[in-house]
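First comes the structure, then the notes that go with it.
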DNA sequence: ACACTAGGCTAACGACGTTAGCCCGTCAAG
DNA sequence: CTTGACGGGCTAACGTCGTTAGCCTAGTGT
């Protein structure tokens, strides 16, 4: 059984995940209840446990599907010229189109053994490439994008903030163009 | 009415918030139940509703207290030379010391009218100052710090990632607009 | 003396995740 | 055919959660 969670999804499982996702995107996280998922499928809540051991496992599958979809959205942007800016746009865009799913994917610890291996790494790969393979800078850029996105979704910026300008400012700074000296301040 | 939530806290209210906070820091968010808070105070859960209209209001008060405390921790760092780096260290440090509270403060929307006015702004002010008053760059820096912190707390970085290096890389890039070395031979 | 109020209490409701146990259809092996 | 395993439904129920209704008591201002 090694492989952990990388088990294949039976048809019924994907139906369940789709139902959960519809509820999530329509009504936020508190709309995703076992009873509501079941009702949407015309079955009763306990039947869901024939397919997933518990709600957390179901959510983990939802998150995994999200990462796959996200990775697809990023792949195209990664091939652009000025890939960092394009990726940032794609990142923000995807999150704004699926705000609740994005938060489910990033908020809270969510132990990694619930996720198929490498699913996160695949989504992150284009960013690393866009940072010229510098993993520290790539993580910084990822953190910046996630931070902007998370704060925007959580409504943490003042209403008059110019978020486009903030994104530009950050991307601009984090670009790894000239003067990529690891030691800059003497 | 005006003033919103800026009402003063009666003695009993701060006791309740302290109890909630103890539970939060000790057992994570799901340990914070109305019954558990009450038990810690030697009373019963419904009595809490004599002091807070609902659990969300109680959590909002907890979050507000967190912002105040955070702002205090940042104030000192803001007065350092190289304030951006010092603030980043303080930011990360505070979050690591209060991980659950930090997540409660930043995750999920949490409508702002629950918070006393300006409590967020006060915490953000030193960052703006450290960015030479450039608000876009300040927001980018804030987002970077929050992103790094959030991803670290959510266990999103691979175990072998050098987070100190990533922080350094980001701070370095975001420092001042154009390679504004503090003392470049002026 | 009396009413008001702050702040406790018990009982209970409905929604939630979850478990136990039953049942029925399909289908391969005898 | 019969049979037996099993996938995938079902009902009933449990314990926990936030929350409400309604009662009671000690202190206080008039």
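Chains as they are written, first to last, in the working numbering: chain A, 12 to 197; chain B, 12 to 197.
For glycine and all other residues, C-beta sits at the position ideal for the given N, C-alpha and C.
Quick check on residue i - is its C-beta less than 8 Å from some C-beta in chain B?
i: residue 137 (chain A); result: no
i: residue 85 (chain A); result: no
i: residue 24 (chain A); result: no
i: residue 144 (chain A); result: no
i: residue 76 (chain A); result: no
For chain A, check one thing: does any of its Cβ atoms lie closer than 8 Å to the Cβ of residue i?
i: residue 184 (chain B); result: yes
i: residue 109 (chain B); result: no
i: residue 104 (chain B); result: no
i: residue 65 (chain B); result: no
i: residue 91 (chain B); result: no
Using 8 Å for Cβ pairs, my map puts residue i next to residue j. What's the rounded Cβ distance?
i: residue 180 (chain B); j: residue 134 (chain A); result: About 20 Å; that fails the 8 Å criterion.
i: residue 141 (chain A); j: residue 110 (chain A); result: About 24 Å; that fails the 8 Å criterion.
i: residue 32 (chain B); j: residue 112 (chain B); result: 7 Å
i: residue 45 (chain B); j: residue 61 (chain B); result: With a Cβ gap of about 12 Å, residue 45 (chain B) and residue 61 (chain B) do not count as contacting.
i: residue 49 (chain B); j: residue 34 (chain B); result: Between residue 34 (chain B) and residue 49 (chain B) the Cβ distance is about 11 Å, and since that is not below 8 Å, they are no contact.
i: residue 158 (chain B); j: residue 158 (chain A); result: 3 Å
i: residue 184 (chain B); j: residue 184 (chain A); result: 5 Å
Can residue i be considered in contact with the ligand PLP, in the sense that its beta carbon sits closer than 7 Å to one or more heavy atoms?
i: residue 62 (chain B); result: The ligand PLP is absent from the structure shown, which contains no ligand whatsoever.
Can you give me the C-alpha to C-alpha distance between residue i and residue j, rounded to a whole angstrom?
i: residue 77 (chain B); j: residue 116 (chain B); result: 7 Å
i: residue 63 (chain B); j: residue 166 (chain B); result: 33 Å
i: residue 155 (chain B); j: residue 106 (chain A); result: 17 Å
i: residue 36 (chain B); j: residue 47 (chain B); result: 13 Å
i: residue 81 (chain B); j: residue 57 (chain B); result: 31 Å
i: residue 97 (chain B); j: residue 28 (chain B); result: 30 Å
i: residue 114 (chain B); j: residue 161 (chain B); result: 8 Å
i: residue 75 (chain B); j: residue 130 (chain B); result: 7 Å
i: residue 145 (chain B); j: residue 177 (chain B); result: 23 Å
i: residue 104 (chain B); j: residue 139 (chain B); result: 19 Å
i: residue 186 (chain B); j: residue 147 (chain B); result: 13 Å
i: residue 91 (chain A); j: residue 100 (chain A); result: 12 Å
i: residue 174 (chain A); j: residue 54 (chain A); result: 44 Å
i: residue 163 (chain A); j: residue 153 (chain B); result: 12 Å
i: residue 182 (chain B); j: residue 172 (chain B); result: 17 Å
i: residue 83 (chain A); j: residue 40 (chain A); result: 24 Å
i: residue 19 (chain B); j: residue 119 (chain B); result: 25 Å
i: residue 43 (chain A); j: residue 30 (chain A); result: 9 Å
i: residue 125 (chain B); j: residue 108 (chain A); result: 26 Å
i: residue 136 (chain B); j: residue 168 (chain B); result: 29 Å
i: residue 102 (chain A); j: residue 79 (chain A); result: 13 Å
### Residues, ordered as in the chain, of the region 163 to 174 of chain A that lie near chain B by beta-carbon distance below 8 Å
164, 165, 166, 167, 168, 169, 172, 173 and 174
### Query
At which residue ranges does the region 125 to 152 of chain A contain complete alpha helix (DSSP H) runs of 4 or more residues, listed in the order of the chain?
130 to 141
### Message
Along the region 114 to 134 of chain A, where does the CB come closer than 8 Å to a CB of chain B? Name the residues.
### Response
114, 117, 118, 119, 120, 121, 122, 123, 131 and 132
### Task
Return the chain-ordered ranges of every alpha helix (DSSP H) run that is complete within the region 18 to 48 of chain A and spans a minimum of 4 residues.
22 to 38
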